[in-house]
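According to my numbering, the stretch in the sequence shown is residues -7 to 466, in order. Take a look at the structure set out below.
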Amino acid sequence: MSVPVMAAGNHVSVLRFVSTRDPARAASFDDALEQGLAPDGGLYVPFEWPEFSPGDLAGEAFDSEELTSAQGLARLAGAMLRPFAAGSTLAEHLPKIAEEAFTFDAPLVPLGSDGLLSVLELTHGPTAAFKDFGARFLAACLTRLRERGGAALAASVPGTPGRSVPRSRPLTILVATSGDTGGAVAAAFHRRAGIEVAVLFPKGLVSPLQERQLTCWGDNVRSFAVRGTFDDCQHLVKEAFLDRELAATRSLSSANSINLGRLLPQTIYYAAASLAIRRALGMPASFVVPSGNLGNALACLWARRLGLPIAEIVLAHNVNRAVPDFLRTGTWSPRPSVATLASAMDVGNPSNLERLRSLYPDLDALRGAVSADSVDDEQIRARIRAGFDRYGQFWCPHTAAAAEAYERLPGARRNRRPWVIVATAHAAKFLGVVEPLLGRAPPVPHALAELYARPTSSTEIAPTLAALRTALAA
Ligand SMILES: *Cc1c(COP(=O)(O)O)cnc(C)c1O
-7 MSVPVMAAGN HVSVLRFVST RDPARAASFD DALEQGLAPD GGLYVPFEWP
43 EFSPGDLAGE AFDSEELTSA QGLARLAGAM LRPFAAGSTL AEHLPKIAEE
93 AFTFDAPLVP LGSDGLLSVL ELTHGPTAAF KDFGARFLAA CLTRLRERGG
143 AALAASVPGT PGRSVPRSRP LTILVATSGD TGGAVAAAFH RRAGIEVAVL
193 FPKGLVSPLQ ERQLTCWGDN VRSFAVRGTF DDCQHLVKEA FLDRELAATR
243 SLSSANSINL GRLLPQTIYY AAASLAIRRA LGMPASFVVP SGNLGNALAC
293 LWARRLGLPI AEIVLAHNVN RAVPDFLRTG TWSPRPSVAT LASAMDVGNP
343 SNLERLRSLY PDLDALRGAV SADSVDDEQI RARIRAGFDR YGQFWCPHTA
393 AAAEAYERLP GARRNRRPWV IVATAHAAKF LGVVEPLLGR APPVPHALAE
443 LYARPTSSTE IAPTLAALRT ALAA
């Protein structure tokens, strides 16, 4: 699929989104957000790309620090996401939505004294993981679309056969989670009117603290412990979307990273970080991204596609190495996921691979655009220790995987340009891993301490569509 480029000046035409499986299957911004998955089972991607120049975005009004502050992020989001929302009923609300979503900083913390290596902390949200950004943006958008009721149905792109989601019934957000997604989505949608959340997580395969934050909500949020793996949970969600029986009784949507409304706002912290580094050092930034389902990595690739000053992008996977193997061999062989210390990356068949391939259909182009490495549990443990010994940092296993992938880069690549290790969760969420390794506990952020104090409840279900149907109806 070729992707025409559109100028992002004052003239902004309505931008369409198309399915990765069928470029003729177009949807408006609103429909893409409400549907999650395209009706043909593909994922929505922008059909055209606005292009920004760093100068457009980091005008003189920003100083470096402000770029990565909550306020700076919200302002960047207002500017960068505008072309995507053009023509949408949400367009006029975008500044407010951005303010509501970006309420915490994404600071760049330098490691060492030469300023060439830093950590991008995406861990300051309500559930202390990067997924708070996307979940909060999506919640702010979907709540407004629901409030508008049937009136917004006219937002479909004229002449496209997109499936509009009826807004007269409550919307059920189905979310499969390998740990952090469910918590972030539950937190973002908790007590939002007209929206119900069903969180599906693999029983016994998330850390005890993660389980607490998946099951501590109540009200409009229900949690289901699925007897299976994360892939089973994800498969169940996909099945549910294609199920006529469920569709007859409720409106379903997804808040997984397949939802465009989660992916797009994640481009913002890459924009802020890369602009701040360009301003400080006059060079583009390179990122090492802890990766599982590839949502965070895609956002980084999209940010670069949008014109942000980003050089290399390295994906750090755990031993679920389908993506590194694909880049090496050219053969895509998804496989069952394996449980690791970096559990939020235990994905055997990353759904966003479709988006990666639609961005770079040519394998050599893909290999030129991104590289990937795989890190095992022992290496993660060693890197958590080294991060503390060398820098006094508390790293979660995912962040440690990225730090390890960075250390393995050839010195010539590492020393030539500024690098950013992306910290995807706070170490306190992985106390059981981190504390025994370091002999001390990372400080627990205030927001997490509050969550951990809440009562919990969940329902166990078999990994079948029938079981899910019954559980949702209860
Ligand atoms: C979800 C998650 C990841 C993986 O992100 P993807 O977008 O699925 O690739 C990495 N680290 C943490 C802490 C996560 O919660």
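Backbone N, C-alpha and C define an ideal beta-carbon position, used for all residues, glycine too. Everything numeric in this text was worked out from a predicted model, so none of it was measured.
An exposed status is given to E370, since fewer than 16 other beta-carbon atoms sit within 10 Å of its beta-carbon. Counting along the chain, V367 sits inside no beta strand (DSSP E), nor does DSSP assign it H or E at all.
The Cβ atoms of A277 and P301 lie closer than 8 Å to each other. Remark: the C-beta of S450 is outside contact range of ligand 1, defined as less than 7 Å to any heavy atom. Runs of the beta strand (DSSP E) spanning 3 or more residues and lying entirely within the segment 59 to 145 occur at 100 to 103, 109 to 113, in chain order. With a beta-carbon spacing of about 16 Å, H438 and A417 fall beyond the 8 Å limit used to define contacts. DSSP places V198 outside both helix and strand once states are collapsed to three, so it counts as coil.
Contact between A361 and L256 does not hold, since their C-beta atoms are separated by about 19 Å, which reaches or exceeds 8 Å. In its chain, beyond the 5 residues on either side, T119, Q205, L206 have a beta carbon closer than 6 Å to the beta carbon of G175.
Here the segment 404 to 419 makes contact with the segment 267 to 285; the two share three or more CB pairs at distances below 8 Å. Membership of R405 in any beta strand (DSSP E) is not indicated; the residue belongs instead to the alpha helix (DSSP H) covering 403 to 408. DSSP links D14 through a beta bridge to S11.
A residue is called buried when at least 16 other Cβ atoms come within 10 angstroms of its Cβ; P75 meets this threshold and is buried. When distances are taken from the beta-carbon of L286 to the heavy atoms of ligand 1, the shortest one is below 7 Å. When the Cα atoms are used, P455 and L166 turn out to be separated by approximately 14 Å. Straight-line measurement puts the Cα of E139 at about 35 Å from the Cα of A415. Proximity of the segment 66 to 80 to the segment 251 to 269 meets the contact definition, three or more beta-carbon pairs being nearer than 8 Å. T169 and T323 have their C-alpha atoms roughly 27 Å apart. Here Y262 is not bridged, per DSSP, to any residue.
Taking C-beta atoms as the reference points, F54 and Y261 fail to come closer than 8 Å. A distance of 8 Å or more separates the beta carbons of D317 and S329.
Exclusion of the five residues before and after L7 leaves M(-2), F21, P38, F39, E40, P42, P75, F76, A78, G79 as the residues of its chain whose Cβ lies within less than 8 Å of its Cβ. Where T164 is concerned, the enclosing beta strand (DSSP E) starts and stops at 163 to 168. If the five residues before and after L429 are omitted, its C-beta is found closer than 7 Å to the C-beta atoms of R373, I376, R377, all from its own chain and listed in chain order.
Contact check for F122 against L114 passes: the beta carbons are separated by less than 8 Å.
Going by DSSP, L333 is part of no alpha helix (DSSP H) at all; its letter is neither H nor E. The C-beta distance from A232 to R214 rounds to 14 Å, too long to meet the 8 Å contact threshold. Relative to ligand 1, the beta carbon of D172 is positioned inside 7 Å of a heavy atom. For H390, the uninterrupted alpha helix (DSSP H) segment begins and ends at 389 to 400.
The bridge partners DSSP lists for P282 are A308. For W294, the enclosing alpha helix (DSSP H) begins and ends at 287 to 297. For L49, the uninterrupted alpha helix (DSSP H) run begins and ends at 46 to 49, by DSSP.
For the pair L286 and P194, the CB atoms are not nearer than the 8 Å cut-off. Under the DSSP definition of a beta bridge, L29 partners with L35. By the Cβ-count criterion, A178 is buried, with 16 or more other Cβ atoms from all chains shown falling within 10 Å of its own Cβ. Within the same chain, Cβ atoms closer than 6 Å to the Cβ of G117 are found at F96, D124, the five residues on either side in sequence being excluded.
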